[in-house]
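Visitor: This is the structure, below, for whatever I ask next.
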Amino acid sequence: MRHVLVTGGAGFIGSNFVHYLLRTEQEVQVVNLDALTYAGSLENLKNLPDESRHIFIKGDITNRALVDQIFSEYKIDTVVHFAAESHVDRSILDPGVFVNTNVVGTFTLLEAARRAWLVDKLIPIDRVRFHHVSTDEVFGTLTREDPPFDEETAYAPRSPYAASKASSDHFVRAYGTTYGLPVSISNCSNNYGPRQFPEKLIPLMILNATTGKPLPVYGDGMQIRDWLYVDDHCEGIWKVVTEGRAGETYCIGGDNQPPNIEIVKLICDILDELQPDSLYTPHQQLITHVQDRPGHDRRYDIDIEKIHKELGWQPRWSLQKGMLDTIRWYLNNPDWVKAILEQSDYGAWVKKNYEGRKG
Ligand code: NAD
Ligand code: DAU
1 MRHVLVTGGA GFIGSNFVHY LLRTEQEVQV VNLDALTYAG SLENLKNLPD ESRHIFIKGD
61 ITNRALVDQI FSEYKIDTVV HFAAESHVDR SILDPGVFVN TNVVGTFTLL EAARRAWLVD
121 KLIPIDRVRF HHVSTDEVFG TLTREDPPFD EETAYAPRSP YAASKASSDH FVRAYGTTYG
181 LPVSISNCSN NYGPRQFPEK LIPLMILNAT TGKPLPVYGD GMQIRDWLYV DDHCEGIWKV
241 VTEGRAGETY CIGGDNQPPN IEIVKLICDI LDELQPDSLY TPHQQLITHV QDRPGHDRRY
301 DIDIEKIHKE LGWQPRWSLQ KGMLDTIRWY LNNPDWVKAI LEQSDYGAWV KKNYEGRKG
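According to my numbering, the sequence shown is numbered sequentially starting from 1.
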């Protein structure tokens, strides 16, 4: 039995990972540590494939005493670290919490792992792994001519969010080099899929479109992201944890790079087909260009050759199939949407982020 500490397992990717792990692995017990910030919810942990192998603990990753206790009480041998402040726009308006959770929180977990595995030797060192879930945003932005990011790309973060994630990556790597802690890092592109908090582009556009609100495209909408369906990311992470080499970084991505405006139009077109009688069809009429994000990264692209060649991973979901599935999920889960909007600061956030952006 593997004893896996998942941090941030009530958030978007973390909760999908918990569902994925309990569905695909029998010999795994999950201890899920999450502070339940605005982005985390127990709604995301309903209908788990096997409740008996899941323990939820509400707590903060910066709480060293709590984290130490979890390592010893549950004999943690594997950490999959998702917990973070994850939204770029929030990091621009309120960066302090990003330093605390993303940098200090990661440092706290690393110290607890060092103590449990290297000092107290609670688990044989050849059976442990600390996996850090990171982002392609640490690499900065690409021009049209630049080659894609890969594992050798120099770090050049440009938003407070990206800088905090870059810092946490450096700490993880340093603990591998200095103390011999068995660490791995994955740097992934933009995820989408069920249970994503509707501050992010795709769920925000789906919810606005279905309720007839403007679809706020930043700037000219020609910024480019690489999009990966969340289940593919979960599979890639588990491959790295179980088969990837300690001390290594793996880039993960969806192998597609449409401009944002194409993503928004795709959502509109799918909604037109699913809801031909909607008052808002054709949904593209709702598209509104608004003031751009400060320091907005123009283009991301990511090379997935290493994880493909070494671990045999590649995305299973096409963007079209993943988007259709995602839109259907939001349409079929109005109770989730209602609960998430009510539990969080959503209304206040929308006002804060969008009110000042002139069309
Ligand atoms: P999210 O914002 O949806 O979820 C974050 C979770 O962490 C929430 O459940 C929240 O309650 C929890 N959390 C926040 N602060 C905490 C703290 N101090 N202690 C304990 N729990 C805390 O984020 P996400 O989109 O699921 O991203 C998860 C991870 O994946 C992050 O590390 C992010 O940087 C990384 N990532 C995200 C994407 C993406 O497209 N969303 C892409 C690549 C990498
Ligand atoms: O690349 C990986 C990163 O992807 C993750 O590390 C982050 O946690 C995740 O939030 C995501 O960052 P982005 O900033 O790329 O995601 P977001 O959904 O906020 O925005 C996607 C693109 O859409 C970006 O170019 C900004 C644009 N956008 C976003 C919003 C919310 C809009 O045009 N309008 C919007 O209202």
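Where a beta carbon is used, it is the ideal one built from N, C-alpha and C, also for glycine.
1. So the alpha helix (DSSP H) Q26 belongs to, where does it begin and stop?
2. In terms of residues, what are the limits of the beta strand (DSSP E) holding S186?
3. Taking only the alpha-carbon atoms, compute the straight-line gap between N47 and D146 and give it to the nearest angstrom.
4. Assign L119 to one of two classes, buried (16 or more other C-beta atoms within 10 Å of its C-beta) or exposed (fewer than that).
5. Along the chain, where does the alpha helix (DSSP H) that runs through K351 open and close?
6. Which parts of the region 210 to 258 are runs of the beta strand (DSSP E), unbroken and 3 residues or longer, counting only runs that do not cross its ends?
7. Sort Q257, G236, D255 and I261 by Cα distance to T249 and report the nearest one.
8. I need the boundaries of the beta strand (DSSP E) containing V67, first residue and last residue.
9. Check whether the region 68 to 78 and the region 136 to 155 touch, using three or more Cβ-Cβ pairs below 8 Å as the test.
10. In the DSSP assignment, find the unbroken alpha helix (DSSP H) run with K265 in it and report its ends.
11. By alpha-carbon positions, which one of H296, Q223 and I252 ends up nearest to N260?
12. Excluding sequence positions up to five away, which residues of its chain have a Cβ less than 7 Å from the Cβ of T281?
13. So, for R2: in the same chain, excluding its five sequence neighbours on each side, which residues have a beta-carbon less than 8 Å away from its beta-carbon?
14. With distance defined between alpha-carbon atoms, name the residue in A65, L142, G193 and D297 nearest to S318.
15. Between the region 176 to 193 and the region 334 to 354, do at least 3 Cβ pairs fall closer than 8 Å?
16. Within 10 angstroms of its Cβ, does Q291 collect 16 or more other Cβ (buried), or is it exposed?
17. Could you check if L33 belongs to the surroundings of the ligand NAD, using beta carbon to heavy atom distance under 7 Å?
18. Using three-state DSSP, classify Y192 as helix, strand or coil.
19. Please name the residue or residues paired with H289 in a DSSP beta bridge.
20. Buried or exposed for A162, please, with buried defined as at least 16 other CB atoms from any protein chain shown within 10 angstroms of its CB.
21. Return yes when the C-beta of C188 is under 7 Å from any heavy atom of the ligand NAD, and no when it is not.
22. Please report the residue range of the alpha helix (DSSP H) in which K46 lies.
23. When you compare the CB positions of L228 and S189, do they come within less than 8 Å of one another, or not?
24. Taking just the CA atoms, how far does L45 sit from H19?
25. Let me make sure I understand the geometry here. Which of E151, A166 and T108 has the alpha-carbon closest to that of E305?
26. Look at the alpha carbon of I57 and the alpha carbon of Q196, and state the distance between them as a whole number of angstroms.
27. Compare the Cα-Cα distances from D220 to each of V264, K200 and D255 and report the closest residue.
28. Check the C-beta distance from E43 over to I340 and give it rounded, since I have them as a contact under 8 Å.
Guide: Here's the rundown:
1. Start at 1 with the first residue of the sequence shown, and residue 26 comes out as number 26. Careful: Q26 lies outside any alpha helix (DSSP H) and carries neither H nor E.
2. Sequence index remark: in the sequence shown, residue 186 carries index 186 (1-based). Counted as a single uninterrupted DSSP element, the beta strand (DSSP E) harbouring S186 occupies residues V183 to C188.
3. Here residue 47 corresponds to residue number 47 of the sequence shown, with the count starting at 1. Here residue 146 corresponds to residue number 146 of the sequence shown, with the count starting at 1. Linking N47 to D146 through their CA atoms gives a straight-line distance of about 44 Å.
4. The sequence position of residue 119 within the sequence shown is 119, counting from 1. Per the sequence presented here, residue 119 reads as Val, with Leu not at that position. By the 16-neighbour rule on beta-carbons within 10 angstroms, V119 is exposed.
5. Position 351 of the sequence shown, counted from the start, is the residue given in the question as residue 351. Y346 to Y354 is the extent of the alpha helix (DSSP H) around K351.
6. Counting whole runs of 3 or more residues, the region 210 to 258 contains the beta strand (DSSP E) stretches 215 to 218, 227 to 229 and 249 to 252.
7. Working through the sequence shown from its first residue, we reach residue 249 at position 249. Checked all of Q257, G236, D255 and I261; the closest Cα to T249 is G236.
8. As a position in the sequence shown, residue 67 is number 67, starting the count at 1. Counting along the chain, V67 sits inside no beta strand (DSSP E); it lies in the alpha helix (DSSP H) bounded by residues R64 to E73.
9. These segments do not touch.
10. For the purposes of this step, residue 265 is identified with residue 265 of the sequence shown, where counting begins at 1. In the DSSP assignment, K265 falls within the unbroken alpha helix (DSSP H) covering N260 to L274.
11. On the sequence shown, residue 260 is found 260 positions in, with the first residue counted as 1. Closest by C-alpha distance to N260, out of H296, Q223 and I252, is Q223.
12. Taking the sequence shown and counting its residues from 1, one reaches residue 281 at position 281. The beta carbon of T281 is closer than 7 Å to those of D272 and Q275 in its chain, skipping five residues each way along the sequence.
13. Numbered from its first residue, the sequence shown carries residue 2 at position 2. These residues qualify, in order along the chain: E25, E27, V28, Q29, D77 and T78.
14. Stepping through the sequence shown from its first residue, residue 318 is reached at position 318. Here the closest residue by C-alpha is G193.
15. These segments do not touch.
16. Position 291 of the sequence shown, counting from 1, holds the residue named residue 291. With fewer than 16 Cβ atoms within 10 Å of its Cβ, Q291 is classed as exposed.
17. Mapped onto the sequence shown, residue 33 falls at position 33. L33 Cβ: within cutoff of the ligand NAD.
18. Position 192 of the sequence shown, counting from 1, holds the residue named residue 192. DSSP places Y192 in strand when its eight states are reduced to three.
19. One-based indexing of the sequence shown puts residue 289 at position 289. V217, per the DSSP bridge assignment.
20. Taking the sequence shown and counting its residues from 1, one reaches residue 162 at position 162. Taking every protein chain shown into account, the CB of A162 has 16 or more other CB atoms within 10 angstroms, so this residue is buried.
21. Here residue 188 corresponds to residue number 188 of the sequence shown, with the count starting at 1. With a threshold of 7 Å, the Cβ atom of C188 counts as near the ligand NAD, since some heavy atom of the ligand is closer than that.
22. Locating residue 46 in the sequence shown gives position 46, where the first residue counts as 1. Looking at the DSSP string, K46 is not in any alpha helix (DSSP H), and its letter there is neither H nor E.
23. Within the sequence shown, numbered from 1, the residue matching residue 228 stands at position 228. Within the sequence shown, numbered from 1, the residue matching residue 189 stands at position 189. Closer than 8 Å, so yes.
24. Locating residue 19 in the sequence shown gives position 19, where the first residue counts as 1. Locating residue 45 in the sequence shown gives position 45, where the first residue counts as 1. Rounded to the nearest angstrom, the two C-alpha atoms are 8 Å apart.
25. Walking along the sequence shown from the start, residue 305 turns up at place 305. Ranking E151, A166 and T108 by Cα distance to E305 puts E151 first.
26. Numbered from 1 along the sequence shown, position 57 holds the residue referred to as residue 57. Numbered from 1 along the sequence shown, position 196 holds the residue referred to as residue 196. Across the structure, I57 and Q196 are spaced so that their CA atoms are roughly 21 Å apart.
27. To locate residue 220, count along the sequence shown from 1; it is residue 220. Selected option, being the one with the closest Cα: V264.
28. Here residue 43 corresponds to residue number 43 of the sequence shown, with the count starting at 1. Here residue 340 corresponds to residue number 340 of the sequence shown, with the count starting at 1. About 6 Å separates the two Cβ atoms, so the contact holds.
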